[in-house]
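Have a look at the structure below, then the notes.
Protein chains: 2
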Amino acid sequence: MRTSKYLVSTLKETPNDAEVVSHQLMLRAGMIRKLASGLYTWLPTGLRVLRKVENIVREEINSAGAVETLMPVVQPFELWEETGRSEKMGAELLRFTDRHSRPFVLSPTAEEVITSLVRNEVSSYKQLPINLYQIQTKFRDERRPRFGVMRAREFCMMDAYSFDIDKAGLKESYAAMHDAYCKAFDRMGLDYRPVLADTGAIGGSGSHEFHVLAESGEDLIAFSSVSDYAANIEKAEALAPTEATPAATQEMTEVDTPNAKTIAELVEQFELPIEKTVKTLFVKASDEVDAEIIGLIIRGDHELNEVKAENLPQVATPLEMASDEQIRAIIGAGPGSLGPVNLQLPFIVDRSAAVISDFSAGANIDHKHFFGINWGRDVELGQVEDLRNVVEGDPSPCGQGVIQLKRGIEVGHIFQLGTNYSEKMNCSVLGPDGKSAILEMGCYGIGVSRVVASAIEQNHDDNGIIWPAAIAPFQVAIVPMNMHKSERVKEAAEKLYADLTAQGIEVLFDDRKERPGVMFKDIELIGIPHTVVVGDRSMDNGHFEYKNRRDGEKVPVAMENIVPHIQQLLK
Amino acid sequence: MRTSKYLVSTLKETPNDAEVVSHQLMLRAGMIRKLASGLYTWLPTGLRVLRKVENIVREEINSAGAVETLMPVVQPFELWEETGRSEKMGAELLRFTDRHSRPFVLSPTAEEVITSLVRNEVSSYKQLPINLYQIQTKFRDERRPRFGVMRAREFCMMDAYSFDIDKAGLKESYAAMHDAYCKAFDRMGLDYRPVLADTGAIGGSGSHEFHVLAESGEDLIAFSSVSDYAANIEKAEALAPTEATPAATQEMTEVDTPNAKTIAELVEQFELPIEKTVKTLFVKASDEVDAEIIGLIIRGDHELNEVKAENLPQVATPLEMASDEQIRAIIGAGPGSLGPVNLQLPFIVDRSAAVISDFSAGANIDHKHFFGINWGRDVELGQVEDLRNVVEGDPSPCGQGVIQLKRGIEVGHIFQLGTNYSEKMNCSVLGPDGKSAILEMGCYGIGVSRVVASAIEQNHDDNGIIWPAAIAPFQVAIVPMNMHKSERVKEAAEKLYADLTAQGIEVLFDDRKERPGVMFKDIELIGIPHTVVVGDRSMDNGHFEYKNRRDGEKVPVAMENIVPHIQQLLK
Numbered sequence: 005m006r007t008s009k010y011l012v013s014t015l016k017e018t019p020n021d022a023e024v025v026s027h028q029l030m031l032r033a034g035m036i037r038k039l040a041s042g043l044y045t046w047l048p049t050g051l052r053v054l055r056k057v058e059n060i061v062r063e064e065i066n067s068a069g070a071v072e073t074l075m076p077v078v079q080p081f082e083l084w085e086e087t088g089r090s091e092k093m094g095a096e097l098l099r100f101t102d103r104h105s106r107p108f109v110l111s112p113t114a115e116e117v118i119t120s121l122v123r124n125e126v127s128s129y130k131q132l133p134i135n136l137y138q139i140q141t142k143f144r145d146e147r148r149p150r151f152g153v154m155r156a157r158e159f160c161m162m163d164a165y166s167f168d169i170d171k172a173g174l175k176e177s178y179a180a181m182h183d184a185y186c187k188a189f190d191r192m193g194l195d196y197r198p199v200l201a202d203t204g205a206i207g208g209s210g211s212h213e214f215h216v217l218a219e220s221g222e223d224l225i226a227f228s229s230v231s232d233y234a235a236n237i238e239k240a241e242a243l244a245p246t247e248a249t250p251a252a253t254q255e256m257t258e259v260d261t262p263n264a265k266t267i268a269e270l271v272e273q274f275e276l277p278i279e280k281t282v283k284t285l286f287v288k289a290s291d292e293v294d295a296e297i298i299g300l301i302i303r304g305d306h307e308l309n310e311v312k313a314e315n316l317p318q319v320a321t322p323l324e325m326a327s328d329e330q331i332r333a334i335i336g337a338g339p340g341s342l343g344p345v346n347l348q349l350p351f352i353v354d355r356s357a358a359v360i361s362d363f364s365a366g367a368n369i370d371h372k373h374f375f376g377i378n379w380g381r382d383v384e385l386g387q388v389e390d391l392r393n394v395v396e397g398d399p400s401p402c403g404q405g406v407i408q409l410k411r412g413i414e415v416g417h418i419f420q421l422g423t424n425y426s427e428k429m430n431c432s433v434l435g436p437d438g439k440s441a442i443l444e445m446g447c448y449g450i451g452v453s454r455v456v457a458s459a460i461e462q463n464h465d466d467n468g469i470i471w472p473a474a475i476a477p478f479q480v481a482i483v484p485m486n487m488h489k490s491e492r493v494k495e496a497a498e499k500l501y502a503d504l505t506a507q508g509i510e511v512l513f514d515d516r517k518e519r520p521g522v523m524f525k526d527i528e529l530i531g532i533p534h535t536v537v538v539g540d541r542s543m544d545n546g547h548f549e550y551k552n553r554r555d556g557e558k559v560p561v562a563m564e565n566i567v568p569h570i571q572q573l574l575k
Numbered sequence: 005m006r007t008s009k010y011l012v013s014t015l016k017e018t019p020n021d022a023e024v025v026s027h028q029l030m031l032r033a034g035m036i037r038k039l040a041s042g043l044y045t046w047l048p049t050g051l052r053v054l055r056k057v058e059n060i061v062r063e064e065i066n067s068a069g070a071v072e073t074l075m076p077v078v079q080p081f082e083l084w085e086e087t088g089r090s091e092k093m094g095a096e097l098l099r100f101t102d103r104h105s106r107p108f109v110l111s112p113t114a115e116e117v118i119t120s121l122v123r124n125e126v127s128s129y130k131q132l133p134i135n136l137y138q139i140q141t142k143f144r145d146e147r148r149p150r151f152g153v154m155r156a157r158e159f160c161m162m163d164a165y166s167f168d169i170d171k172a173g174l175k176e177s178y179a180a181m182h183d184a185y186c187k188a189f190d191r192m193g194l195d196y197r198p199v200l201a202d203t204g205a206i207g208g209s210g211s212h213e214f215h216v217l218a219e220s221g222e223d224l225i226a227f228s229s230v231s232d233y234a235a236n237i238e239k240a241e242a243l244a245p246t247e248a249t250p251a252a253t254q255e256m257t258e259v260d261t262p263n264a265k266t267i268a269e270l271v272e273q274f275e276l277p278i279e280k281t282v283k284t285l286f287v288k289a290s291d292e293v294d295a296e297i298i299g300l301i302i303r304g305d306h307e308l309n310e311v312k313a314e315n316l317p318q319v320a321t322p323l324e325m326a327s328d329e330q331i332r333a334i335i336g337a338g339p340g341s342l343g344p345v346n347l348q349l350p351f352i353v354d355r356s357a358a359v360i361s362d363f364s365a366g367a368n369i370d371h372k373h374f375f376g377i378n379w380g381r382d383v384e385l386g387q388v389e390d391l392r393n394v395v396e397g398d399p400s401p402c403g404q405g406v407i408q409l410k411r412g413i414e415v416g417h418i419f420q421l422g423t424n425y426s427e428k429m430n431c432s433v434l435g436p437d438g439k440s441a442i443l444e445m446g447c448y449g450i451g452v453s454r455v456v457a458s459a460i461e462q463n464h465d466d467n468g469i470i471w472p473a474a475i476a477p478f479q480v481a482i483v484p485m486n487m488h489k490s491e492r493v494k495e496a497a498e499k500l501y502a503d504l505t506a507q508g509i510e511v512l513f514d515d516r517k518e519r520p521g522v523m524f525k526d527i528e529l530i531g532i533p534h535t536v537v538v539g540d541r542s543m544d545n546g547h548f549e550y551k552n553r554r555d556g557e558k559v560p561v562a563m564e565n566i567v568p569h570i571q572q573l574l575k
């Protein structure tokens, strides 16, 4: 490709509204342009990367035995009513009516469409297993689209759906996709981890997310310092402490704490160890509980894990924190003064909070706390559960090593759905026993456009993007020095371009009438792995200058050896 | 691909709601399934063909120097207001609002988005010419979607947009795309024609449609019997007759015609030659005319060409026929009795109707006609224009041969837009003279999904589809006879599958437990060009049976020669 026939569209300045590096660099390198909030046009350079990611995903998913289809972006709303997801999705599911006032949605995913297809097309267990996928435009009407294509409204996603006659089959299909995902991300040269994920409200029996590790990631991943264990912090279990609860050494006393509305103020003003305090959070209770709200008690230095809380049968779904007014109306005190002692409401205690002694908590009276509380003596302990986020240094739930935390960007998700959708939509086949059997489903997604952004988060420097070889928009750049003045440079550059292209190598030939400095800056910004500089001075010595984007290394290469040299590097 | 891991989904019966052959066969061969009116899921077999068409288009458009981008399916409504197309498109432009009540549309095409992009990204003539395209989902909310993917609401289209500094550049860009289209359709093995098309209301200076010839086509194409001339009948000029008008031989007489409401009834009841009758049609007049409606007079045996009529400055756009009530209110007679004599309204006469003598027409009085009318003597001739569709036998407008008509399916359209959009959207660059210059645009479309259907219209027999080699879903089918009983057949079929696949050949290996008859029927229906039958009987004689889909030819091929035999056929 010649830059003169191409849309380079690089920007010198970092656009103001781009917060994360990938968004900044995708704009600056001329990969994307914003059309409207959360809507991006992929410029030629961006699209080349997107297609490479897409093709790697396609090849690996094909190898895993999945078969490609293409479903409409516009889906009938009635299918979403069949599964009840029309409500669950809320405003993210963009709805509209056609010219005949029939309701439709823009597809955010396709479980309903594919299940409807399979219930019509597949009638016998002999046609199973089958795994159907598509790589297609998706739309989610995010309230606050941000970070460019990382969280856009319209995006490109690979979504696959497996159908098996039984759970054993589902597990096999799932394992094959897990494997295909690893191969795909390996090929892309990304530092990623498959991590255990919560299966939450959708149910199902198993789920992994695939995270690209990057400091800008929105998710926290818990790793074992020793084993392969990795889980989204939502899912990572905080093990019950193995030490016994220390014996009580203090009497419980009521203390005036007029200026302590938070744990931080309490421990500061009274010089308390924070791990000997607890905070009591109130959330909406489920029907299982004979109260409007229920207390969740965790240590002052810990954070509530909302997913774990939501998964408790006593807690209403979706998780809803009680309002200050509601708490005051029921308990008679404000949020700064709550605690388990004398509480007339049910509560659940976190495993770590359950093994401390002589601790402090609110007295359920404004401006008052109890110090020196001990479970059993001052208040019944009751139900103990895992309620908190793990922290670095916690023992790993796998039994080996301790927890370490890293940030990740979720680029893929695989999910054993089981019969969740197939039951609601009556997707069944004739089983080997001659009876009708509801199918076991798995669903699998890769955010193709998000992969592009996350690869940049992981591969950049001050000068721009540094593409992993497999997903670079071009493999090689040719930068001729003053080609429009030197006929020798022009001839050599043109010949090199022809020779490399003839070898099937993807070359960006910068034939613009620009100063060398401008060209170098653009090529670095775009992040092309290998650059060949064609200039009179080095040609006087019989060589071209080769430059590596990642390590910045520059070496002279004899002119006659340049093609094999590049071929060697691309192997 | 093994059928056991694939979604074959063939149907024995022709679905009731499929009118045209391509729609019937795409359903029966398991290529598509209807999700809702005008919305189709592409099943694996259909998608394979779609992608082949897409890739051929991509390669040829790339070779023509166009650069691929990807624009959102969801576009801000305001861009469509900028060009005024929001109104022109009417209900086909599907509109909706997002969660923040901002208006958007589903993209039916992308002139606005691309022009907006280019006005931001391109600032100098030095960056020109540029031709940007995408292959992306489009949506048109057709009132009556029909014929499957031939006229669907959601479809796959290649749309390209060229930007040049001047008209000469535009003509070059246009010629390059014309050439690329021909190469693409040639490679697909289609019988197609580029035909002159009307540029109509959009304006612009030149346009070609690309039609696949097929009896089911919705368009009529006029060809010269001698030259390369081809034009959509909308555009094909009906030359002015060269013969002089015959002299009058009859007096004009008023005749009672109580039972003649149509030309057909008139000529039958009074034994008139139809080419000596005229019909007078009334359409809404433009502001240029000092009347509400204007008459268009054509010979009784001719048809009004609505596009030619609409292109007249005296006729309102879009063309609107006057209602019976309107005509009666103004003229005092009904549509069966209209004519030029004594007409108190302006009218325009077709070239052929202008050179007849002694002709008949309505008297503008119910149940009365004039016979023996002669221009000049009985009524002033006034303005003469080309108003009618050409008919077979007309002299070709190219000056060579006569007109022949064939039906075609429009699969592509190229258009010299000129400055139509760039002016409205202020898309200009700094020209070589240092002044701002409005860009000359071309736009170019190929209906990728419609190409698939039109290829079937042209390539099928009673047993199913007969794919041209370049767009067949698979190149070769392997049909093993009773593989599940004969270990020898199984081994040979598996080996053949492995050998062909290793050569990069796309094979459908029918490893289902089905009777051979079922497999043969499916393979023929799907239309795979080459089939190898692996059976015990032929293997006893040391050969496999090769079968050609198009000519039905069956030949034995020595087992050891089968791979080179196939390779030879695929060359």
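Those sequence lines, one after another, are chains A and B. One gets this note's numbering by counting positions in the first sequence from 1 and adding 4 to each. One gets this note's numbering by counting positions in the second sequence from 1 and adding 4 to each. Glycine included, each C-beta is placed from N, C-alpha and C at the ideal position. Only a predicted model underlies this, so the values are computations on that prediction, with no experimental measurement involved.
Beta-carbon proximity list for residue i, same chain, < 7 Å, skipping 5 on both sides
i, result
"B/GLN507", "VAL567 and GLN571"
"B/LEU512", "MET5, THR7, PHE478, ALA481 and ILE532"
Within-8 Å CB hit, residue i to chain A
i, result
"B/VAL77", "yes"
"B/TYR44", "yes"
"B/PRO80", "yes"
"B/LEU136", "yes"
Proximity of residue i and residue j at Cβ, strictly below 8 Å
i, j, result
"A/LYS410", "A/LEU217", "yes"
"A/ALA610", "A/GLY152", "There is simply no residue 610 of chain A to check, as chain A begins at 5 and stops at 575 in what is shown."
"A/LEU342", "A/ASN368", "yes"
"A/PHE374", "A/GLU258", "yes"
"A/ASN309", "A/ASN393", "yes"
"B/VAL57", "B/ILE475", "yes"
"A/ALA459", "A/MET192", "yes"
Beta-carbon proximity list for residue i, same chain, < 8 Å, skipping 5 on both sides
i, result
"A/PRO560", "SER542, ASN545, HIS547, PHE548, GLU549 and TYR550"
"A/ASP328", "GLY338 and PRO339"
"A/ASN467", "LYS525, GLU528 and LEU529"
Same chain, Cβ closer than 6 Å to residue i, five either side skipped, listed in chain order
i, result
"B/GLY416", "TYR185, PHE214 and ILE450"
Where residue i falls: helix, strand or coil (DSSP)
i, result
"B/THR261", "coil"
"A/VAL12", "coil"
"B/ILE298", "strand"
Cutoff 8 Å: residue i Cβ touching any chain B Cβ
i, result
"A/LEU342", "no"
(message) Does the segment 190 to 205 of chain B come into contact with the segment 225 to 234 of chain B, if we say contact requires no fewer than three beta-carbon pairs (one atom in each stretch) closer than 8 Å?
(response) yes
(request) Tell me, please, whether the segment 91 to 100 of chain A touches the segment 26 to 42 of chain B by the rule of three or more beta-carbon pairs shorter than 8 Å. (result) no
(message) Taking 8 Å as the cut-off, does the segment 259 to 275 of chain B touch the segment 311 to 325 of chain B (at least 3 CB pairs, one atom from each stretch)?
(response) no
(request) Count the C-beta pairs between the segment 430 to 438 of chain A and the segment 128 to 143 of chain A that are closer than 8 Å, then say yes if the count reaches three, no if not. (result) yes
(request) Could you say if the segment 396 to 415 of chain B and the segment 289 to 300 of chain B meet the contact criterion of at least three C-beta pairs nearer than 8 Å? (result) no
(request) Answer yes if the segment 89 to 96 of chain A comes into contact with the segment 56 to 71 of chain B, meaning at least three C-beta pairs across the two stretches below 8 Å, and no otherwise. (result) no
(request) Evaluate contact between the segment 451 to 464 of chain B and the segment 170 to 184 of chain B, counting only Cβ atoms and requiring at least three cross-stretch pairs below 8 Å. (result) no
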